[in-house]
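**Q**
Numbering (UniProt numbering), first residue to last: 1 to 205.
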């Protein structure tokens, strides 16, 4: 008999607001996405200089994971936490920036620091480095948040003992539009891990 999976907790970042479960932890309506993420970084007292070198997708993912998982726990060795993320725009936000650097023959200056972020799964790498994860991970592209797929995929990882917990969700950045909805799937939690519940939580402000 398969064990029941639960949603342990979830994090939203949208509309210049950061919330954990239904509690608003930080809100700053001034400035653009870059200013907002910088302010959130300072608010949560994160000390990780590499954050400022990341692209916007990785910064958004990093912040949501930081709120959800907390600062790295050095007592957790070999934490078998799988990471399964998804979005619509892939790495298009950074792809545009890189394309601008190579499209003008007179100002041809491809940046290695930008090029490295022209894959969406790099944001998973940033989380893995931060929390010292060496576990299963995948990044999927959908037209919209796909709770049914994410539920089935994450539970398969749990039921086949490929992960003890799964950090799962949707993180998307495209020009001025952005959104992060990450949640932790575990053997214990406040609500059962169902497609209906995920849809409800995703739509909750």
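Glycine included, each C-beta is placed from N, C-alpha and C at the ideal position.
(1) Please list, in chain order, all residues of the same chain as residue 194 whose beta carbon is under 8 Å from its beta carbon, the five residues on each side excluded.
(2) Looking at residue 88 and residue 149, is the spacing between their C-beta atoms short of 8 Å?
(3) By alpha-carbon positions, which one of 86, 61, 60 and 44 ends up nearest to residue 71?
(4) Three or more beta-carbon pairs under 8 Å between the segment 198-205 and the segment 35-43, yes or no?
(5) Smallest Cα separation from residue 146: which of 186, 173 and 203?
(6) With 16 other CB atoms within 10 Å as the buried threshold, where does residue 31 fall?
(7) Would residue 64 pass as a contact of residue 163 if the rule is Cβ separation under 8 Å?
(8) As a quick exercise: from 125, 28, 140 and 4, pick the residue whose alpha carbon is nearest that of residue 55.
(9) Which one of 140, 173, 127 and 130 has the shortest CA to CA distance from residue 96?
(10) Could you compute how far the alpha carbon of residue 20 sits from the alpha carbon of residue 137?
(11) Could you check what DSSP says for residue 64 in three-state terms: helix, strand or coil?
(12) Could you check what DSSP says for residue 126 in three-state terms: helix, strand or coil?
(13) Excluding the five sequence neighbours on either side, which residues of its own chain have a C-beta within less than 8 Å of the C-beta of residue 157, listed in chain order?
(14) State the start and end residues of the unbroken beta strand (DSSP E) segment that holds residue 82.
(15) According to DSSP, is residue 156 helix, strand or coil?
(16) When DSSP builds the beta bridges, which residues end up paired with residue 169?
(17) Suppose the cutoff is 6 Å on Cβ atoms and the five residues either side in sequence are ignored; what does the same chain contact list for residue 155 look like?
(18) Report buried or exposed for residue 49, applying the criterion of at least 16 other Cβ atoms within 10 angstroms of its Cβ.
**A** In brief:
(1) 151
(2) no
(3) 44
(4) no
(5) 203
(6) exposed
(7) no
(8) 125
(9) 173
(10) 23 Å
(11) helix
(12) helix
(13) 82, 84, 136, 163 and 166
(14) 81-87
(15) helix
(16) 85 and 182
(17) 5
(18) exposed
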